[in-house]
Amino acid sequence: MKAVRVHITGGPEVLQFEEMALPEPKAGEVRVKIHAAGVNYIDTYQRSGLYQVPRPFTLGQEAAGVVDAVGADVTEVQVGERVAYASALGAYAEYALVPAWRLVHVPEEITAAQAAAVMLQGMTAHYLACDTFPLKPGDTALIHAAAGGVGLLLIQIAKLRGARVIGTMSTEDKALLAKQNGADEVILYTETDFEPVVKQLTDGKGVDVVYDSVGKTTFDKSLNCLRPRGVMVLFGASSGPVPSFDPQVLNAKGSLFLTRPMLAHYTANRTELLQRANDLFDWMRAGKLHVRIDRTFPLYAAADAHRALQSRATKGKILLIP
Ligand SMILES: NC(=O)c1ccc[n+]([C@@H]2O[C@H](COP(=O)([O-])OP(=O)(O)OC[C@H]3O[C@@H](n4cnc5c(N)ncnc54)[C@H](OP(=O)(O)O)[C@@H]3O)[C@@H](O)[C@H]2O)c1
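Position 314 of the sequence shown, counting from 1, maps to 319 under the numbering used here, and the rest follow consecutively.
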């Protein structure tokens, strides 16, 4: 089979498109024939070495396809069933081994591309809006990179929960897209200082929660946008990691809360995983959640997909097709 492998960390050019032996599933594992794999920012962190993974490894955390073979003791799925998953390494390939408990069945009405596009970013948006800070009517959320993969889904889920959404982004067409997906107000943070605008939009009170995946360039100002006892949800580092931080700042800025969550801890068992994935599929089938696939690349062009994602050129999901 073909796979995209990392032997040395670095820029997109380190990605190697290689021939590998077809892997055999061990007990509790399933071999999935991949129809579409999702590209996520975490893939760039693992490729660059910001997140350390023992090398060599096959990149990719998310895919949809068909069960091709099952190991011993697998009860969750059967050969031939349509499945999708997130948070298991090795998806940039024609086949991947996945722990059986991480697989979810894909409903008939949802294509493999849609399923691959929603698992990681969708379940992230789900836990952020429903659990990390459970949004409710009357809440105002500031969402950075609101026209990105997670961003567009997070806007929609925040609106489903009745919150008001202020979104930031870099371009006019991203702003339009965020509005079309439900954002109440938008700010081009590359042209305008978002802090005074957020203050003005909230009558000086500040927002209840900031969902910040941009990190380095937005973190400090984001803290200033929060109401007293507001919640700072730092969940990514698209512009680079936030430097070391003095907790006393949280006191000085109004007894703020800071959390740095990750998806794996919010899909820690099968019950929680199925609840999140099935909510997403239900909303998609009901026409309440739209998953925007920005572009697809052939698997061998994974490096181009990374370049597109990291150059801020994309609005929504990027897929790789084996
Ligand atoms: N903790 C978790 O559980 C979890 C799970 C999934 C994703 N994430 C994080 O969520 C973030 C979004 O992931 P995604 O896959 O959906 O990507 P994405 O949002 O589609 O792409 C990243 C976006 O970040 C913005 N950005 C701001 N400054 C940037 C810079 N200097 N370089 C590149 N981009 C910059 C860009 O939007 P503008 O052009 O509008 O600024 C860009 O489009 C990532 O930080 C990722 O690590 C975290």
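Glycine included, every Cβ here is placed at the ideal spot set by N, Cα and C.
Here the structure is a predicted model, which is why all the values come from computation and not from measurement.
Can you give the Cα-Cα distance for residue i and residue j, rounded to whole angstroms?
{"i": "residue 17", "j": "residue 174", "result": "24 Å"}
{"i": "residue 307", "j": "residue 321", "result": "16 Å"}
{"i": "residue 167", "j": "residue 87", "result": "33 Å"}
{"i": "residue 184", "j": "residue 114", "result": "27 Å"}
{"i": "residue 46", "j": "residue 93", "result": "15 Å"}
{"i": "residue 11", "j": "residue 309", "result": "15 Å"}
{"i": "residue 35", "j": "residue 304", "result": "21 Å"}
{"i": "residue 14", "j": "residue 22", "result": "15 Å"}
{"i": "residue 152", "j": "residue 211", "result": "22 Å"}
{"i": "residue 281", "j": "residue 131", "result": "7 Å"}
Along the chain, where does the beta strand (DSSP E) that runs through residue i open and close?
{"i": "residue 34", "result": "34-44"}
{"i": "residue 21", "result": "20-24"}
{"i": "residue 9", "result": "7-11"}
{"i": "residue 170", "result": "169-174"}
{"i": "residue 191", "result": "190-193"}
{"i": "residue 294", "result": "Unbroken run through residue 294: none, as it is neither H nor E."}
{"i": "residue 64", "result": "Per DSSP, residue 64 belongs to no beta strand (DSSP E) and is neither H nor E."}
{"i": "residue 263", "result": "262-264"}
Considering just the uninterrupted stretch of the alpha helix (DSSP H) at residue i, what are its terminal residues?
{"i": "residue 184", "result": "177-185"}
{"i": "residue 226", "result": "224-229"}
{"i": "residue 127", "result": "117-132"}
{"i": "residue 313", "result": "307-315"}
{"i": "residue 269", "result": "268-271"}
{"i": "residue 74", "result": "From DSSP, residue 74 is part of no alpha helix (DSSP H) but of the beta strand (DSSP E) over 67-75."}
{"i": "residue 255", "result": "253-257"}
Helix, strand or coil for residue i? Go by DSSP, reduced to three states.
{"i": "residue 47", "result": "helix"}
{"i": "residue 208", "result": "coil"}
{"i": "residue 150", "result": "coil"}
{"i": "residue 97", "result": "coil"}
{"i": "residue 138", "result": "coil"}
{"i": "residue 221", "result": "coil"}
{"i": "residue 287", "result": "helix"}
{"i": "residue 242", "result": "coil"}
{"i": "residue 199", "result": "helix"}
{"i": "residue 84", "result": "coil"}
{"i": "residue 233", "result": "strand"}
{"i": "residue 17", "result": "helix"}
{"i": "residue 31", "result": "coil"}
{"i": "residue 301", "result": "strand"}
{"i": "residue 145", "result": "strand"}
{"i": "residue 322", "result": "strand"}
{"i": "residue 58", "result": "coil"}
Do you know whose CA, among the options, lies nearest residue i's CA?
{"i": "residue 133", "options": "291, 214, 309, 229", "result": "214"}
{"i": "residue 90", "options": "61, 129, 76, 59", "result": "129"}
{"i": "residue 223", "options": "211, 8, 247", "result": "247"}
{"i": "residue 37", "options": "195, 169, 107, 181", "result": "107"}
{"i": "residue 235", "options": "262, 210, 9, 221", "result": "262"}
{"i": "residue 102", "options": "122, 75, 120, 180", "result": "75"}
{"i": "residue 170", "options": "179, 178, 148, 274", "result": "148"}
Does residue i get closer than 7 Å to chain C when you measure Cβ to Cβ?
{"i": "residue 276", "result": "Within the model displayed, chain C is absent; a lone protein chain is all it includes."}
| Is the region 132-152 close to the region 16-33, with three or more CB pairs under 8 Å? | no
| query | Between the region 158-171 and the region 300-317, do at least 3 Cβ pairs fall closer than 8 Å? | reply | no
| message | Could you check whether the region 253-266 touches the region 284-291, counting it as contact only if at least three pairs of C-beta atoms, one from each stretch, sit closer than 8 Å? | response | no
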